[in-house]
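Asks: One structure follows; several queries about it will come next.
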Amino acid sequence: MKLGIGIGWRPEIAAEVEALTGVDWVEVVAENLCADHLPDSLVRLRERGVTVVPHGVSLGLGGADRPDAERLAGLAARAELLGTPLVTEHIAFVRAGGPLTASPRLEAGHLLPVPRTWDALEVLCENVAIAQDALPVPLALENIAALVSWPDEELTEGQFLAELVERTGVRLLIDVANLHTNHVNLGQDPAKALDELPVEAIAYVHVAGGVEKNGVWHDTHAHPVTAPVLDVLAELRSRVDPPGVLLERDDAFPPGAELAAELETIRGTLRAAGGPSGTERRNTGPRRGTPAPARPGARDRTAVAQTALLSALVAGTPAPEGFDHRRLHVQSRALAAKRADVVAKVAPELPEILGDGYRAAFLDYARTRPMSDGYRRDALDFVERILVHGGLPDPVAQRRLTHWWEDRSGPRPPSRTTRIVRAARAALAGK
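Just so you know, we're using the working numbering here: the sequence shown kicks off at 729 and counts up by one.
Structure follows, in structure tokens:
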């Protein structure tokens, strides 16, 4: 299916997206949609004939666990609601621990790289097959950006993607900004990856901005698209005419005129690059001819490895052998900062109540308290920690924080934390 030129729809720029001319389709984060009704802006876009593609971020198909049936059902419901031709997700893991490792469940709150090993490939292929069976439309998977690389990898990124497509028939969402990120951070050649991957499987392409700090490229989606990323797009276009190309922007949203200018730059890059008129493969590169047989215990070994890495990143445990400790520190700080930012968005009252002290307090909390059940639970746990450990010096702020927690904690047995909070509230009321 030919999608054309698109842009990521976000509530913050809904009006700007509707006003843009020449936009053929939009992509929306699936988890930000209700399963039974659409925002008015998306309804209007669909009435105009604009295709809407849901883009999932929470399945964790590269994780050791099999896909969660409830999450899959939610993604399927959104696909039905949108009447979309396909859905997309990521080649990543987002959680670890749990029954497979007899350890606490850990959430990354971020897309983390899957080791390019035969074990991890076997797990990913099985998970993809489960997802494909549960979804009403085809699935396409995106390559991700990474700050760290796994030691002792057995496949290049292109080879890994080629094997995945060959074994499952899944389609690909190629993010050229992520290829550039991995070039800067991990020394991986984007052209080599493009040579090795099956370009005929590409469903569409992502283009996004980022920024380089201290020799590390951060895939922020909050900056303009840079020339090196457009160069990778041109490399891809020289090999294949992608069915769709989409501009992503997730933060620091510019005026509509700047978004329109970026879209025109993308169009110009595609025109200038030329290349094949269809989706035929031109450069196959080296590929493994016969898929490796399934390895006994692959899921368990993947679970142990991913749990060790995520625990080092979010719980302060020792770094697994073979990883770059400096890069792990950078990734760990980035994960904590992202948690602080997202919690501030899902619970905007907290930065208001805590003022300038919010960020430092949250980062101190995150240092010893890994996320285990999503950002809203994280916000509640953060406030519980403050209330249990002495509260706030300002009685007005303390009262507001206590009310906030009680209003959102929901019906559940009175735990020690609940009793402490109620006692604190009673003490305040008696003053």
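Quick reminder that beta carbons are idealized off the backbone N, C-alpha and C, glycines included. As the structure is a prediction and not an experimental result, all values here were calculated from the model.
What residue range does the alpha helix (DSSP H) around V842 cover?
Replies: Unbroken run through V842: none, as it is neither H nor E.
Asks: Can you tell which of P982, L964, R1027 has the C-alpha that lies nearest to the C-alpha of A1000?
Replies: The shortest Cα separation from A1000 among P982, L964, R1027 belongs to L964.
Asks: Which one of V876, G784, F888 has the shortest CA to CA distance from G915?
Replies: Here the closest residue by C-alpha is V876.
Asks: Whole angstroms is fine: what's the gap from V781's alpha carbon to A1125's?
Replies: So the alpha carbons of these two residues sit roughly 43 Å apart.
Asks: Quick one, which of P1004, R1097, E850, G732 has its alpha-carbon nearest A792's?
Replies: Comparing Cα-Cα distances from A792 to each of P1004, R1097, E850, G732, the minimum goes to E850.
Asks: Please list the segments of the beta strand (DSSP E) lying wholly inside the segment 768-810, counting only runs of 3 or more residues, in order along the chain.
Replies: Entirely contained in the segment 768-810, the beta strand (DSSP E) runs reaching 3 residues are, in chain order, 779-783.
Asks: First and last residue of the alpha helix (DSSP H) that includes V815?
Replies: No alpha helix (DSSP H) contains V815, which is instead part of the beta strand (DSSP E) from 815-818.
Asks: In the DSSP assignment, what residue or residues form a beta bridge with V756?
Replies: Note: V756 sits in a beta bridge opposite P782.
Asks: Determine whether the beta carbon atoms of L998 and R967 lie at a separation below 8 Å.
Replies: Not in contact: L998 and R967 (Cβ atoms no closer than 8 Å).
Asks: Taking the alpha helix (DSSP H) that F1090 falls in, what are its first and last residues?
Replies: Where F1090 is concerned, the enclosing alpha helix (DSSP H) stretches over 1086-1096.
Asks: Sorted by chain position, which residues of the same chain lie with C-beta nearer than 6 Å to Q860's C-beta, five sequence neighbours on each side aside?
Replies: Excluding positions up to five away in sequence, the list reads L867.
Asks: Would you check if there are 3 or more beta carbon pairs closer than 8 Å linking the segment 833-853 to the segment 879-886?
Replies: These segments touch.
Asks: Report the option in V815, V935, C762 whose CA atom is closest to the CA atom of I733.
Replies: It is V935.
Asks: Are the segment 897-911 and the segment 941-956 in contact at 8 Å, needing three or more beta carbon pairs?
Replies: Short answer: they touch.
Asks: Once you ignore the five residues that flank V1070 on each side, which residues in its own chain have a CB closer than 6 Å to its CB?
Replies: Counting only Cβ-Cβ distances below 6 Å, and skipping sequence neighbours, we find Y1103.
Asks: For M729, does the count of other Cβ atoms within 10 angstroms reach 16, so buried, or fall short, so exposed?
Replies: The residue is exposed, with fewer than 16 neighbouring Cβ atoms inside 10 Å.
Asks: If you measure between the beta carbons of L840 and V822, is that distance less than 8 Å?
Replies: In this structure, V822 lies closer than 8 Å to L840 by Cβ.
Asks: Take V898 as the anchor and find which of E928, D917, V904, L766 has the nearest alpha-carbon.
Replies: Of E928, D917, V904, L766, the residue nearest in Cα terms is E928.
Asks: Could you tell me the boundaries of the alpha helix (DSSP H) in which A1064 lies?
Replies: Unbroken alpha helix (DSSP H) run through A1064: 1053-1074.
Asks: Less than 8 Å between the C-beta atoms of V973 and V933, yes or no?
Replies: Yes.
Asks: Where do the ends of the beta strand (DSSP E) carrying V944 lie?
Replies: Per DSSP, V944 belongs to the beta strand (DSSP E) from 944-946.
Asks: If A988 sits next to L731, beta carbons under 8 Å apart, how far is it from one beta carbon to the other, in whole angstroms?
Replies: The pair is not a contact, with the Cβ atoms about 18 Å apart (cut-off 8 Å).
Asks: Per DSSP, which residues does M729 bridge with? Please list them.
Replies: M729 is not bridged to any residue.
Asks: Of the residues L1056, I1081, A1088, which one's Cα is nearest the Cα of R1067?
Replies: Among L1056, I1081, A1088, the Cα nearest to that of R1067 belongs to A1088.
Asks: Run through DSSP, which three-state label would G886 get?
Replies: In this structure, G886 counts as helix in the three-state DSSP scheme.
Asks: Given this structure, state the Cα-to-Cα distance separating G984 from V745, to the nearest angstrom.
Replies: Looking at the two C-alpha atoms, the distance is approximately 7 Å.
Asks: Looking at C-alpha atoms only, which residue of S786, G1025, G811 is the closest neighbour of V771?
Replies: Here the closest residue by C-alpha is G811.
Asks: Here's the rule: buried if 16 or more other CB atoms are within 10 angstroms of the residue's CB, otherwise exposed. What is C762?
Replies: Label assigned to C762: exposed.
Asks: Assign D1109 to one of three DSSP states: helix, strand, or coil.
Replies: Reduced to three states, the DSSP call for D1109 is helix.
Asks: Which value, in whole angstroms, describes the spacing of the CA atoms of A1094 and L1041?
Replies: Computed Cα separation, rounded: 11 Å.
Asks: Taking the continuous alpha helix (DSSP H) assigned at A919, which residues delimit it?
Replies: Residues 918-924.
Asks: Which two residues bound the contiguous beta strand (DSSP E) that contains E940?
Replies: Per DSSP, E940 belongs to the beta strand (DSSP E) from 939-941.
Asks: Following a CB-centred definition, is S831 positioned closer than 7 Å to any heavy atom of the ligand NAP?
Replies: No copy of the ligand NAP occurs in the structure displayed, which carries no ligand at all.
Asks: In three-state DSSP terms, what is L974?
Replies: Of the three classes helix, strand and coil, the one that applies to L974 here is strand, per DSSP.
Asks: Might you give, ordered along the chain, the residues of its own chain that have their beta carbon closer than 7 Å to the beta carbon of T1030, omitting 5 neighbours on each side?
Replies: A792, D847, A848, V851, listed in sequence order.
Asks: Among the residues of its own chain, which have a CB less than 6 Å from the CB of I741, if the five just before and after it don't count?
Replies: Excluding positions up to five away in sequence, the list reads F981.
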